[in-house]
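In this note's numbering, the protein residues as written are 64 to 1017.
Ideal Cβ placement from N, Cα and C applies to all residues, glycine included.
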Amino acid sequence: MRNNLKKKFLLFVCLSFCLLFLRNPLSYADVSFGKNKVIVDQHTWHIAETEHFQIYHYPEERHLIPKVSKMLEKAYQKVTTDLNISIEKKTPFFLYLTHNHFEQNNIASTGEGVGGFSEPYKNRFVIPVTGSDKELEHVITHEFTHIAMFNIWYGGFWKSASLMRFVFYPLWIIEGLAEYESKEWETYDHMLLRDVAISDMIIPLGKLHSFNHLKMHQVYLAYQEGHSAISFLAEEYGEDKVPKLIKNLRESLDINGVFMRTIDTDLYSFDKKWQRYMKEKYTIEAEGKEEAEAYGKKLTEGAEFNGPPVFSPDGKKIAFISSRNGYGELFVMNVDGTSQKSILKSRIGRSLDVIHYEGHALSWSPDGEKIAFAGEKKQKDYLYIINLRKNKLKKLRLPLEVLKFPCFSHKGDKIVFVGMEGGINDLYLVDANGKNLEKLTSDEFDDSYPVFSPDDKKIVYVSERERQKDLFLLDVETLAITRLTFTPRDEFDPSWSPDGSSIVYIGDYEGIYNIYRMDVSDLGEDIQEENLELDIFQLTDVKVGIFTPEISPDGEHLLFVSYRYGEMNIHYGEFPREEMFVKKLKGKEEEITIAQLPVEPIGPIISPYPSPVSRIRPYRFKASTDLIFPFLFYSTTEGLYTAGYWQASDMLGNHGMITYVEYASEYDWLTYQVGYTYQRWRPALGFFAYGKTRRESEDDDNNIVRTSEFTEEMVVSYPFDRFRRIELGLITESKRERNGDNIRTRENGIALSLVRDTTQGKILDIMSGSRANFTVYQAFKALGGDLDYTTYILDGRKYFKLSERNILGFRFLGALSQGRDREKFSLGGETRLLGREETRLRGLSKDVSSGSRLALINAEWRFMLFPEINWRFRLLWPEIYLKSLQFCLFTDSGAAWNEPEEIRTISDIKNTIGIGLRINTFLIQMFPFTLRLDYGWRTDKFTGKFYFSLGPTF
64 MRNNLKKKFL LFVCLSFCLL FLRNPLSYAD VSFGKNKVIV DQHTWHIAET
114 EHFQIYHYPE ERHLIPKVSK MLEKAYQKVT TDLNISIEKK TPFFLYLTHN
164 HFEQNNIAST GEGVGGFSEP YKNRFVIPVT GSDKELEHVI THEFTHIAMF
214 NIWYGGFWKS ASLMRFVFYP LWIIEGLAEY ESKEWETYDH MLLRDVAISD
264 MIIPLGKLHS FNHLKMHQVY LAYQEGHSAI SFLAEEYGED KVPKLIKNLR
314 ESLDINGVFM RTIDTDLYSF DKKWQRYMKE KYTIEAEGKE EAEAYGKKLT
364 EGAEFNGPPV FSPDGKKIAF ISSRNGYGEL FVMNVDGTSQ KSILKSRIGR
414 SLDVIHYEGH ALSWSPDGEK IAFAGEKKQK DYLYIINLRK NKLKKLRLPL
464 EVLKFPCFSH KGDKIVFVGM EGGINDLYLV DANGKNLEKL TSDEFDDSYP
514 VFSPDDKKIV YVSERERQKD LFLLDVETLA ITRLTFTPRD EFDPSWSPDG
564 SSIVYIGDYE GIYNIYRMDV SDLGEDIQEE NLELDIFQLT DVKVGIFTPE
614 ISPDGEHLLF VSYRYGEMNI HYGEFPREEM FVKKLKGKEE EITIAQLPVE
664 PIGPIISPYP SPVSRIRPYR FKASTDLIFP FLFYSTTEGL YTAGYWQASD
714 MLGNHGMITY VEYASEYDWL TYQVGYTYQR WRPALGFFAY GKTRRESEDD
764 DNNIVRTSEF TEEMVVSYPF DRFRRIELGL ITESKRERNG DNIRTRENGI
814 ALSLVRDTTQ GKILDIMSGS RANFTVYQAF KALGGDLDYT TYILDGRKYF
864 KLSERNILGF RFLGALSQGR DREKFSLGGE TRLLGREETR LRGLSKDVSS
914 GSRLALINAE WRFMLFPEIN WRFRLLWPEI YLKSLQFCLF TDSGAAWNEP
964 EEIRTISDIK NTIGIGLRIN TFLIQMFPFT LRLDYGWRTD KFTGKFYFSL
1014 GPTF
């Protein structure tokens, strides 16, 4: 009965909740590898209060508070009115000045692709500034919509219990409603939906309960599918059905029942009807339009992202960025797509962490020797210049918060780029050696995509005005600015023709991103904006979308990136002649009017609702409960059983605390855990204590035998960068057995680890990179210790991507223990080593070979049999989502021994071979786990063993 009670509580709390949120602030379970968060910036936090918000900010962004406060209050009025709710407490909102600052937050883990987040523990939401007011207002409203849903769903007396309902709420509804509330439909959103609709690739809503099982490029698509489905619900059944759906979800966890109650149809029928609507709508939009191959040969494939491309000065090579290995890499290829070579692969993780590849990310120097790009290292942005001839990478340090879009001048002595200061993006000019920084624009607008004219006298760039993007021209000498376009649509990704007579760019005049050419041959030196009349020619007319056009140095060819079938790919073709033009637009002759209409704002830049900041005060430490789960059971036969879990943190997430306790009176059994972490500084600190006492049995003299164990740990982790860290741990562990005689054992130890992890992968599979962990553990007799030994462990792993479906993995594991109480290591099976679950020689029993020294090599060839099964087992709960099936061949070799003379011949080294299956699955589409089936044979006896386990091999 004791075990049954324990299982009930652990299943109720640990599985249903801890696995659900995976946000335990302490994370004291062993993590041998993994990437690091590097904290390099410290902020003095203040709180500005409005009617409905507490705005957490630091002095460097104080000037943004008036604008942000009005955006927040506007979002509050819109969302609460639409959902017909009110929120009594002020909502905490955290504003970060840059994305690099945002990635260092301690509230939740974030990456490069996260634009903001909200969390239900304290109903906080957190957003970085990108420089775009349009994007900032969108994300604020999006994340506040989540806060509104949290208030509807997770209220009540015991909030911790209501939070467990999260697993039942479909993420397509959560994110779809947030998109529906926060923005109007954009061309990019329609592009994603049109692509899947005309390709019969729509992801059914039933497979969007969560997005964790999706590929990287499918996640934003899932947001927009949810947006489309919620919009369809409002249009087809009435806008009042949207808040009704959300409130009905509070009353019932049966999603089909909720849909029946809301619109009198189940989710399956609604899904089918919505998919038909999608296909009809976008098939009509794509009729009569061309595939991108009509304008150029496709040079890349097999990755979610390829681009933006840039010609070498002689026009024979193309540089581009590709995510084919799970992260952005710089490649160079011939113009026919052959000989694609990675340029920076060995430097990712050493010289830089991330390459920024938005928009015009690359620029080739006019001498053909260097390529410039922007990147990140240790949460700081730099301009990088790679010398292709010398194979040297140079890093330019500039006093700006964000750097992007570098472009060489045609003389090669200057670089124009976009830099952020105070949350505003402006154009800057710097010498190619990083000296003489000059600010070219100084306004409140979001500037981007700067490109030098062939004579280096002008720079064409993009600036966001009235919530949309237009083309502008900057005179480098006088800094005079001329606006080239005044359309209500977006123009971006500009590029000059070699003779300077034209600018090609991307426009969405007809709701699809296409390439247009602007004739600027008659601009002259003295440009009068009010007298501009420019000819615009449409060069492409595609079904889905095109980006980043560039004309070859000889003016004969065109490079561009197309979006199709969920991928960005590079195309190369002839530059269209005038008779090949699809459409010509000039002045007022077409519905798109260039430079002739007066500027009319699309809408108010800030909310008209009053939102004065009532006061600003310094932040003071304040901790509060995140989760609390009490459990109590009593019976006359089993006595009292009680358990509880408590988790708390402060508002910034710097401090984290947990307590867990279980007690069973009938068996005199007590287990408890206490932990605290402090993560404000770059070195993260953790203090933990674990203990348990239990009555085991009676000895021969009828004495009751009681055992107790107590462990204390202090852990310090210092990250050198995103990929490398050092860890130090102090541990004391006491064990005592009490009966007639008291038997006590105490172990005091110190552990030092060096960890490196540069692995990259997709979803559940590591595709490339390496891992290494070298640990030294010393148990010492000082301070009352009873054991004395030293253990050294080296764990090194390397992965090679042979193709999209083929991976080679190698692992070397070596261990040595010395001293009076040295450890013993087993060679066979799967055992634990310094608290880590380790795969050894599969096919060998644990008791076959052991010793104080161990050396082991594992090798696996992993072949993806079925990469996209995407099969739901809906008859089970929790639902199992089968993602993929992988086959592997492996061989393991190693030996365990005590003294060097025990290994004399090759026959002393054990070897096994085997086959296996890796079944990659998700619980409720949220929680990944791998089912592993292996069968290994000993090569000396050819006897085998079968293994079933969870998690990857290595």
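Inter-residue spacing [alpha-carbon to alpha-carbon] between residue i and residue j
i, j, result
"tryptophan 1000", "isoleucine 856", "27 Å"
"glycine 1014", "leucine 827", "10 Å"
"serine 584", "glutamate 501", "28 Å"
"phenylalanine 436", "leucine 938", "51 Å"
"serine 386", "glycine 176", "13 Å"
"serine 975", "proline 233", "Sequence inspection shows threonine at residue 975; the serine mentioned does not correspond to that position. Near 46 Å, if we compare the C-alpha coordinates of proline 233 and threonine 975."
"glutamate 354", "tyrosine 1010", "50 Å"
"proline 557", "phenylalanine 165", "30 Å"
"phenylalanine 368", "phenylalanine 888", "46 Å"
"proline 469", "tyrosine 998", "54 Å"
"glutamate 772", "glutamine 287", "53 Å"
"methionine 790", "arginine 819", "Inspection of the sequence shows that residue 790 is occupied by glutamate rather than by methionine. Approximately 11 Å, taken between the alpha carbons."
"lysine 185", "tryptophan 221", "14 Å"
"tryptophan 732", "arginine 757", "4 Å"
"isoleucine 566", "aspartate 689", "55 Å"
Own chain residues within Cβ distance below 6 Å of residue i, not counting five before or after
i, result
"threonine 722", "Trp709, Val737"
"glycine 629", "His280"
"aspartate 553", "Gln531, Lys532, Asp571"
"proline 782", "Asn99, Val101, Arg788"
"lysine 755", "Thr734, Glu772"
"glutamine 742", "Asn169, Asn717"
"phenylalanine 750", "Tyr739, Met777"
Sequence-distant residues of the same chain with beta carbon closer than 7 Å to residue i, five excluded per side
i, result
"histidine 473", "Pro429, Phe515, Pro517, Asp519"
"phenylalanine 638", "Ile614, Gly618, Glu619, His620, Leu621"
"aspartate 476", "Asp494, Ala495"
"valine 911", "Leu890, Gly891"
For residue i, three-class secondary structure by DSSP
i, result
"arginine 1019", "Residue 1019 lies beyond the residue range present for the chain, which begins at 64 and ends at 1017; the question has no answer from this structure."
"methionine 581", "strand"
"threonine 550", "coil"
"arginine 366", "Going by the sequence as given, residue 366 is alanine instead of arginine. Of the three classes helix, strand and coil, the one that applies to alanine 366 here is coil, per DSSP."
"phenylalanine 843", "strand"
"leucine 492", "strand"
"glutamate 637", "strand"
"lysine 521", "strand"
"lysine 1008", "strand"
"leucine 917", "strand"
"isoleucine 691", "strand"
"proline 122", "helix"
Contact set for residue i: own chain, Cβ-Cβ below 8 Å, skip 5 residues either direction
i, result
"leucine 865", "Leu871"
"histidine 162", "Glu175, Pro191, Thr193, Val465"
"leucine 415", "Leu407, Gly438, Glu439, Lys440, Tyr445, Tyr447, Leu456, Lys458"
"valine 142", "Thr204, Phe207, Thr208, Ala211, Glu244"
"aspartate 851", "Ala842, Phe843, Lys844, Gly882, Arg883, Asp884"
"serine 564", "Asp582, Val583, Ser584"
Among the options, nearest to residue i - alpha-carbon criterion
i, options, result
"tryptophan 934", "Arg528, Gly301, Glu775, His276", "His276"
"glycine 431", "Pro616, Asp258, Asp509", "Pro616"
"aspartate 562", "Tyr572, Asp582, Tyr576", "Asp582"
"arginine 22", "Tyr579, Arg683, Pro681", "With the chain running from 64 to 1017 in the structure shown, residue 22 is simply not present."
"isoleucine 509", "Ser908, Arg528, Tyr491", "The amino acid occupying residue 509 in the given sequence is aspartate; isoleucine does not appear at that position. Checked all of Ser908, Arg528, Tyr491; the closest Cα to aspartate 509 is Arg528."
"leucine 393", "Arg745, Gln338, Val911, Leu451", "Leu451"
"proline 675", "Pro155, Tyr121, Lys133, Glu123", "Lys133"
Short CB-CB distance (under 8 Å) between residue i and chain B
i, result
"glycine 957", "Reference to chain B is not applicable here, since this structure consists of a single protein chain."
The segment 200-208 contacting the segment 289-296, beta-carbon criterion three pairs below 8 Å: no
Validate contact between the segment 216-232 and the segment 253-263 using beta carbons, cut 8 Å, 3 pairs: no
Sufficient close CB pairs (3 or more, under 8 Å) joining the segment 399-419 to the segment 350-364: yes
Touching by the beta-carbon criterion (3+ pairs, under 8 Å), the segment 690-706 and the segment 719-734: yes
The segment 981-993 / the segment 938-952 touching (three or more Cβ pairs under 8 Å): yes
Three-pair Cβ contact test at 8 Å for the segment 229-247 versus the segment 596-610: no
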